[in-house]
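K.L.:
Protein chains in written order, with numbering that gives the first Met the number 0: chain Z, 0 to 263; chain L, 0 to 150.
Heads up, the beta-carbon is just placed ideally off N, CA and C, and yes, glycines get one too.
I'd like to ask you about the structure that follows.
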Amino acid sequence: MNKISLQECSKLALETGRIILQSGGTTNRVELMMHKVCQGFGFEDSESFVTPTGIFLSLGDGDEQISTRIKRIEQRRIDLGKITQVSKLVNALQADIHNSRPLGETRSRDFYQELVRIDRENPYPTWVINLSGGATSGFFCLLFGGSWIEFAIAFMIGCLISLSLKYISKLPVNNFLLNALASALIVLLAKTIDTWIPNIRLDNIIIGGIMILVPGLALTNAIRDTMSGDLVSGTARGVEALIITIGIVAGSGAMLKVWDLLGY
Amino acid sequence: MMRPFDYLTLMQFAWAFLAIIGFSVRSNLKGIRVLFTGLGGGLCWASYLIILYYTKSMLLSVFLAIILVCIYSEVVARKLLTPVSVFVICVIIPLVPGRSLYYAMRAYISGQSMQASKYIFDTLMISGTIAMAIAIVASATNLILRLRHRF
């Protein structure tokens, strides 16, 4: 079997990195996985530099030939399933090397097809995603001391927020505006329901909704990146967490104030 | 104030468990992992409540609870062939200070700046504590793995 070309290998590695980074993987993991892919297809000499918004990958074949590619990452959404699956795929590649080397063209074609399949796949239909958003919101409402009727309202709001997040994120809005709009919508829905149903405490319902939006991923990744020595990504993700938080506060605060001014 | 290990703690554990299951399904996690992230989330909140009962110190309880669940994720994620960060992201969610953030915002809007600054301080301290706990466990694991690799 013959080795695949330098260009092809760097394309595969970059595609692997792109999927993991877009789904919210840590910088360290993206670099490690790209290195493993290059190693698997027989190119030991690879250097990469990854930030949350772009990947730089340079691959050499030991002689004078070098292939360098840059990939800009535009939109990111949390998808922990994809990170897991791609990691598993790359580790399977690693296991293959120990048995029989080198990996040739057929293996690379399979690998690419698997990547495309993982990238396209949606493991759950939309209604399951929306219901689980509702479950998160509702059970957090109960956790912070809500009653059953508040649980029902928070569940409904969570479902509606998950549904509308899907459509808001299709618009060309940035992360700040996305979270501000979503949290404003939470407060608007909660206040509207409050005018119909008496004797409910809005605080727990709104907090339940906000828990869907809190930047747990950005916080975790910021710390883990900084600890593994990727200072650029660590700082960038820390700022991202801060911006998301400010967006949540600005959106819900503005809506609460508007509702007060209207005098209901 | 609830006693530890009575049915109220158990119920709180169940709510956190179900909430985190919802969260991990929403981020497309599949299979048995969903169950284990939910278990981690429940463990996180329950251990926070129990430690809070004995020590009466919020930050210490957050710190210890996060350390506990980070160790849990490091162990279980490796067993399930999952990236550790995937687990950590899901299990810390119950302690992320969404509640004090909301109260800070509400106090700020109604003009009570003393209350607002108290809640903002809480929010910052809790996030800082969570960050510190994650950092400690991540570096300790890194160190242990390197040492084991060497010898």
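Return the chain-ordered list of same chain residues with a C-beta closer than 6 Å to the C-beta of Gly133 of chain Z, the five sequence neighbours on each side being excluded.
P.N.:
Along the first sequence, one-based indexing puts residue 133 of chain Z at 134. Closer than 6 Å at the Cβ level, and outside the excluded window around Gly133 of chain Z, lie Phe154, Gly157 and Cys158.
K.L.:
Given a threshold of 16 other Cβ atoms within 10 Å of its Cβ, counted over all protein chains shown, does Lys55 of chain L qualify as buried or as exposed?
P.N.:
Taking the second sequence and counting its residues from 1, one reaches residue 55 of chain L at position 56. Around the beta-carbon of Lys55 of chain L, fewer than 16 other beta-carbon atoms lie within 10 Å, marking it exposed.
K.L.:
Whose C-alpha, out of Z:Gly80, Z:Cys140 and Z:Thr25, is nearest the C-alpha of Gly237 of chain Z?
P.N.:
Taking the first sequence and counting its residues from 1, one reaches residue 237 of chain Z at position 238. Checking every option, the nearest Cα to that of Gly237 of chain Z belongs to Z:Thr25.
K.L.:
Please classify His265 of chain Z as buried or exposed, where buried requires at least 16 neighbouring CB atoms within 10 angstroms.
P.N.:
The structure shown has nothing for residue 265 of chain Z, since chain Z only spans 0 to 263.
K.L.:
Measure the alpha-carbon distance for Ala235 of chain Z versus Val213 of chain Z and round it to whole angstroms.
P.N.:
Numbered from its first residue, the first sequence carries residue 235 of chain Z at position 236. Numbered from its first residue, the first sequence carries residue 213 of chain Z at position 214. Approximately 17 Å, taken between the alpha carbons.
K.L.:
Could you please give me the residues that DSSP links to Ser265 of chain Z through a beta bridge?
P.N.:
The shown model of chain Z, from 0 to 263, leaves out residue 265 of chain Z, and the question about it has no answer.
K.L.:
Near Leu176 of chain Z, which residues of its chain fall below 8 Å by C-beta distance, leaving aside the five closest residues on each side in sequence?
P.N.:
Within the first sequence, the letter at position 177 stands for residue 176 of chain Z. Excluding positions up to five away in sequence, the list reads Gly246.
K.L.:
Quick check on DSSP: helix, strand or coil for Thr81 of chain L?
P.N.:
On the second sequence, position 82 is the one that residue 81 of chain L refers to. It is coil, neither helix nor strand.
K.L.:
Ignoring anything shorter than 4 residues, give me the alpha helix (DSSP H) runs that lie fully in the region 121-152 of chain Z, in order along the chain.
P.N.:
125-142
K.L.:
Closer than 8 Å is the cut-off here; do at least three beta carbon pairs connect the region 130-148 of chain L with the region 225-232 of chain Z?
P.N.:
Short answer: they touch.
K.L.:
Thinking C-beta only, is Leu114 of chain Z closer than 7 Å to Gly39 of chain Z?
P.N.:
As a first step, residue 39 of chain Z must be located in the first sequence, where it is residue number 40. As a first step, residue 114 of chain Z must be located in the first sequence, where it is residue number 115. Taking 7 Å as the Cβ cut-off, Gly39 of chain Z and Leu114 of chain Z do not qualify as a contacting pair.
K.L.:
Say whether the region 15-34 of chain Z touches the region 75-94 of chain L, bearing in mind that this needs 3 or more beta-carbon pairs closer than 8 Å, one atom from each stretch.
P.N.:
yes
K.L.:
Give the interface partners of Phe138 of chain Z over in chain L, defined as CB-CB distance under 8 Å, in chain order.
P.N.:
Position 139 of the first sequence, counted from the start, is the residue given in the question as residue 138 of chain Z. Here the neighbours are Trp14, Ala15, Leu17, Ala18 and Gly21.
K.L.:
The alpha helix (DSSP H) that contains Arg119 of chain Z, what's its start and end?
P.N.:
Taking the first sequence and counting its residues from 1, one reaches residue 119 of chain Z at position 120. First-last of the alpha helix (DSSP H) with Arg119 of chain Z: Glu104 to Arg119.
K.L.:
Assess, as a yes-or-no matter, whether the region 99-111 of chain L is touched by the region 45-64 of chain L under the definition of 3 or more beta carbon pairs within less than 8 Å.
P.N.:
no
K.L.:
Less than 6 Å between the CB of Asp5 of chain L and some heavy atom of the ligand FAD, yes or no?
P.N.:
Of the ligands one can find in the structure shown there are none, so the ligand FAD has no counterpart to examine.
K.L.:
For Ser23 of chain L, does the count of other Cβ atoms within 10 angstroms reach 16, so buried, or fall short, so exposed?
P.N.:
Counting from one through the second sequence, the residue named residue 23 of chain L turns up at place 24. With 16 or more Cβ atoms within 10 Å of its Cβ, Ser23 of chain L is classed as buried.
K.L.:
Using the beta-carbon count (16 or more within 10 Å), is Arg149 of chain L buried or exposed?
P.N.:
Reading the second sequence from its first residue, position 150 is the one you call residue 149 of chain L. Its Cβ having fewer than 16 others within 10 Å, Arg149 of chain L is exposed.
K.L.:
Relative to the C-alpha of Arg17 of chain Z, which candidate in Z:Ile152, Z:Ile65, Z:Ser4 and Z:Ile69 has its C-alpha closest?
P.N.:
Looking up residue 17 of chain Z in the first sequence gives position 18. The candidate whose alpha carbon is nearest that of Arg17 of chain Z is Z:Ile69.
K.L.:
Have a look at Lys190 of chain Z and Ala249 of chain Z and give me their C-alpha separation to the nearest angstrom.
P.N.:
Residue mapping note: residue 190 of chain Z aligns to position 191 of the first sequence, counting from 1. Residue mapping note: residue 249 of chain Z aligns to position 250 of the first sequence, counting from 1. For Lys190 of chain Z and Ala249 of chain Z, the distance between alpha carbons rounds to 17 Å.
K.L.:
Hey, would you say Ile209 of chain Z sits closer than 7 Å to Tyr101 of chain L, going by beta carbons?
P.N.:
In the first sequence, the residue the question calls residue 209 of chain Z occupies position 210. In the second sequence, the residue the question calls residue 101 of chain L occupies position 102. Yes.
K.L.:
Name the chain Z residues whose beta carbon is nearer than 7 Å to that of Gly97 of chain L?
P.N.:
Counting from one through the second sequence, the residue named residue 97 of chain L turns up at place 98. Here the neighbours are Ile206, Ile209, Met210 and Val213.
K.L.:
Could you tell me the alpha carbon to alpha carbon distance between Ile154 of chain L and Leu38 of chain L, rounded to whole angstroms?
P.N.:
Beyond the ends of chain L as shown, which are 0 and 150, falls residue 154 of chain L; an answer cannot be given.
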